[in-house]
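*Asks:*
There are 2 protein chains.
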Amino acid sequence: MRNIKLVIEYDGSRYDGWQRLKDSEQTIQGKIEKVLNEMTGSSVEIIGSGRTDAGVHAKNQIANFKTKSSMSIRDIHNYMNHYLPQDIVVKEVKEVSDRFHSRYNAQKKKYTYYVWNHRIPSAFQRKYSYYFPETLDLQRMEAAANQLLGTHDFIGFSSVKKAKKSTVRTIEEITIVQNNHMLEFSFIGDGFLHNMIRILMGTLLEIGTREKDISCIDEIFTSKTRAMAGKTAPAQGLFLEEVYY
Amino acid sequence: MRNIKLVIEYDGSRYDGWQRLKDSEQTIQGKIEKVLNEMTGSSVEIIGSGRTDAGVHAKNQIANFKTKSSMSIRDIHNYMNHYLPQDIVVKEVKEVSDRFHSRYNAQKKKYTYYVWNHRIPSAFQRKYSYYFPETLDLQRMEAAANQLLGTHDFIGFSSVKKAKKSTVRTIEEITIVQNNHMLEFSFIGDGFLHNMIRILMGTLLEIGTREKDISCIDEIFTSKTRAMAGKTAPAQGLFLEEVYY
Chain A
1 MRNIKLVIEY DGSRYDGWQR LKDSEQTIQG KIEKVLNEMT GSSVEIIGSG RTDAGVHAKN
61 QIANFKTKSS MSIRDIHNYM NHYLPQDIVV KEVKEVSDRF HSRYNAQKKK YTYYVWNHRI
121 PSAFQRKYSY YFPETLDLQR MEAAANQLLG THDFIGFSSV KKAKKSTVRT IEEITIVQNN
181 HMLEFSFIGD GFLHNMIRIL MGTLLEIGTR EKDISCIDEI FTSKTRAMAG KTAPAQGLFL
241 EEVYY
Chain B
1 MRNIKLVIEY DGSRYDGWQR LKDSEQTIQG KIEKVLNEMT GSSVEIIGSG RTDAGVHAKN
61 QIANFKTKSS MSIRDIHNYM NHYLPQDIVV KEVKEVSDRF HSRYNAQKKK YTYYVWNHRI
121 PSAFQRKYSY YFPETLDLQR MEAAANQLLG THDFIGFSSV KKAKKSTVRT IEEITIVQNN
181 HMLEFSFIGD GFLHNMIRIL MGTLLEIGTR EKDISCIDEI FTSKTRAMAG KTAPAQGLFL
241 EEVYY
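Protein sequences appear in the order of chains A and B.
Numbering-wise, the first sequence is residues 1 to 245 according to full-length UniProt numbering.
Numbering-wise, the second sequence is residues 1 to 245 according to full-length UniProt numbering.
1. Can you round the beta-carbon distance between HIS57(A) and LEU238(A) to whole angstroms, since I take them to be within the 8 Å contact cut?
2. Alpha carbon to alpha carbon, what distance is there between TRP116(B) and GLN125(B)?
3. Going by DSSP, which residues form a beta bridge with SER186(B)?
4. Given that ASN81(B) touches chain A, what residues does it touch there, using C-beta distances under 8 Å?
5. Pick from ILE217(B), LEU36(B), THR175(B), ILE220(B): whose alpha carbon is nearest that of LYS110(B)?
6. Does any C-beta atom of chain A lie closer than 9 Å to the C-beta of TYR10(B)?
7. Just reading off the alpha helix (DSSP H) that THR203(B) is part of, what are its end residues?
8. Who are the neighbours of TYR104(A) on chain B, taking C-beta pairs under 7 Å?
9. Does the ligand MN have a heavy atom nearer than 8 Å to the CB of HIS152(A)?
10. According to the neighbour-count rule (16 or more other Cβ atoms, all chains shown, within 10 Å of its Cβ), is ALA233(B) buried or exposed?
11. Please determine if the segment 200 to 208 of chain A and the segment 219 to 236 of chain A are in contact, where contact requires at least 3 C-beta pairs separated by less than 8 Å.
12. With a threshold of 16 other CB atoms inside 10 Å of the CB of ARG99(B), please say whether the residue is buried or exposed.
13. Flag TYR130(B) as yes if its beta-carbon sits less than 9 Å from any beta-carbon of chain E, otherwise no.
14. Taking Cβ positions only, does VAL115(B) come closer than 9 Å to chain A?
15. Would you mind telling me which residues of chain B sit closer than 9 Å to ARG126(A), beta carbon to beta carbon, in chain order?
16. Residue ranges of each beta strand (DSSP E) run of no fewer than 3 residues wholly in the segment 54 to 140 of chain A, ordered along the chain?
17. How about TYR113(A) and GLU184(A): are their beta carbons less than 9 Å apart?
18. Please classify GLN236(A) as buried or exposed, where buried requires at least 16 neighbouring CB atoms within 10 angstroms.
19. Am I right that GLY48(B) and GLN26(B) are in contact with their C-beta atoms under 8 Å? What's the rounded C-beta distance?
20. Does any residue of chain A bring its CB to less than 9 Å from the CB of HIS57(B)?
21. For the candidate residues TYR10(B), ASP213(B), GLU172(B), whose alpha-carbon lies nearest to that of ALA143(B)?
22. What are the boundary residues of the alpha helix (DSSP H) that includes GLY30(A)?
23. Taking the straight line between their C-alpha atoms, what separation do you get for ASN81(A) and GLU134(A)?
24. State yes or no: is the C-beta of LYS5(A) within less than 9 Å of the C-beta of ASN60(A)?
25. Nearest to VAL177(B) by alpha carbon, out of ILE199(B), GLN139(B), GLU95(B), PHE157(B)?
26. Is ASP87(A) near ALA54(A), with beta carbons less than 9 Å apart?
27. Label ILE73(A) either buried or exposed according to how many other C-beta atoms from any shown protein chain fall within 10 Å of its C-beta, with 16 as the threshold for buried.
28. Taking all protein chains shown into account, decide if MET1(B) is buried (16 or more other Cβ within 10 angstroms of its Cβ) or exposed.
29. Let's see if you can read the secondary structure: which residues bound the beta strand (DSSP E) around THR151(B)?
30. Return the first residue and the last residue of the alpha helix (DSSP H) that GLU219(B) is part of.
31. Specify the secondary structure class of GLY48(A) as computed by DSSP and reduced to three states.
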């Protein structure tokens, strides 16, 4: 069996997220597997580096699949982009070692959350950012972001109800870049719990508007209480940017 | 009567163009007038700086309308953005002199045409650019663009069949900017005929791929024959960027 690695970009707007679901045809994984099933004539399962939720986008999602097909890498690439919908694009196809596993081998991930921070919304950025017109104190947000760095139990910043596995994660880096009216919040870490970045963002935004104090971060780490954190920021601002191996 | 000037941004993807049509609800002008009719309780006609075709976008379309309404400028602005669909955004509202007319007073316009020139298409730029994977000779295209500058009869580069009015126009400036995989072609001129920029772009692209020779430009000016020019490049790459008064 050959092991094929894919780099995939997708506009998540129309989809119910990455993971194939029984009752939905509208998943990224489902769309890609359908094309690969037709291409190879047998049932293919693709393994993603991780799930993304409904409405979340990806610039470089990584996935791999095993196949007996003898098609050339170039033909696989052309076939996939020809038959996939235009909002899912395969950027790279590569044959890799049999041992490569997109999920198990992922060391770190980078997500970026885009906030359109302007009184006037944007017709072009509306699907790729969160329109948030209120004034934000970026210095407060940076101080709060510093409190998030390092290794913590992030369960209070997640939708995880009962943790079967560890909810301890390490955030290595958070950067905030102001690009005209767009604020770009990038998070690099060894993994992120369900909804974690969107809840971190909701919390940072409430700190930015002075609804919450910076000290709430430590309180949520200690109390592990979801209700103390901010709202879950909407999906359309979130992009999976990179997976590091 | 007050005279109100609007600066409008729109994603043209879902629309049948700017101009209100009898048989289509899906025009930018129609959507804006509907909101203004409800806002003022009387029938409002807005005058745009010019039409844009189905699928064409605008970053700063200018329009004006007359009204007896005594609403404040701020309230008009908020009302419009509240009730307009999210892909039409009013960026500015201003009360102007009674003599201001969006179309008659427009001196110059700037349009930009975006070409995604890369082997791999883009999931995010697909609606805002023309995916054109072939290799382009930018130096040839710049030389051809230089031939287009100045005052010419552009009828051969337009969809105008029988000209009732003059088809002579002046192009003051054409710039070509390469921004990673995106090529941005900007045109500043005193006015553009129907489909003129899209046909100029189709011609420039065929010169860039060496299908056509640069000398074809002069031949089309002389012969005034649409059939000698390139294909009409697709609408989704075209943006009305600025109107100068």
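Backbone N, C-alpha and C fix where the C-beta goes; we use that ideal spot for every residue, glycine too.
*Replies:* The answer reads as follows:
1. 7 Å
2. Spanning the two alpha carbons is a distance of roughly 8 Å.
3. According to the DSSP secondary-structure assignment, SER186(B) is paired through a beta bridge with THR112(B), THR175(B).
4. Near ASN81(B) (Cβ distances below 8 Å), the residues of chain A are ILE120, PRO121.
5. THR175(B)
6. yes
7. Here the alpha helix (DSSP H) through THR203(B) covers 196 to 208.
8. What TYR104(A) touches in chain B: nothing, since even the nearest Cβ is about 26 Å away.
9. In terms of ligand content, the structure shown is empty, and the ligand MN therefore cannot be addressed.
10. buried
11. yes
12. exposed
13. The chain labelled as chain E is not found among the protein chains of the depicted structure, namely A and B.
14. no
15. ASP11, GLN86, ASP87, VAL89
16. 57 to 67, 88 to 96, 108 to 116, all fully within the segment 54 to 140 of chain A.
17. yes
18. buried
19. That belief does not hold up - the Cβ atoms of GLY48(B) and GLN26(B) are roughly 16 Å apart, past 8 Å.
20. yes
21. Considering only alpha carbons, the answer is ASP213(B).
22. 28 to 40
23. 40 Å
24. no
25. Checking every option, the nearest Cα to that of VAL177(B) belongs to GLN139(B).
26. no
27. Label assigned to ILE73(A): exposed.
28. exposed
29. Unbroken beta strand (DSSP E) run through THR151(B): 150 to 153.
30. Run containing GLU219(B): 216 to 223, per the alpha helix (DSSP H) assignment.
31. Strand, per DSSP.
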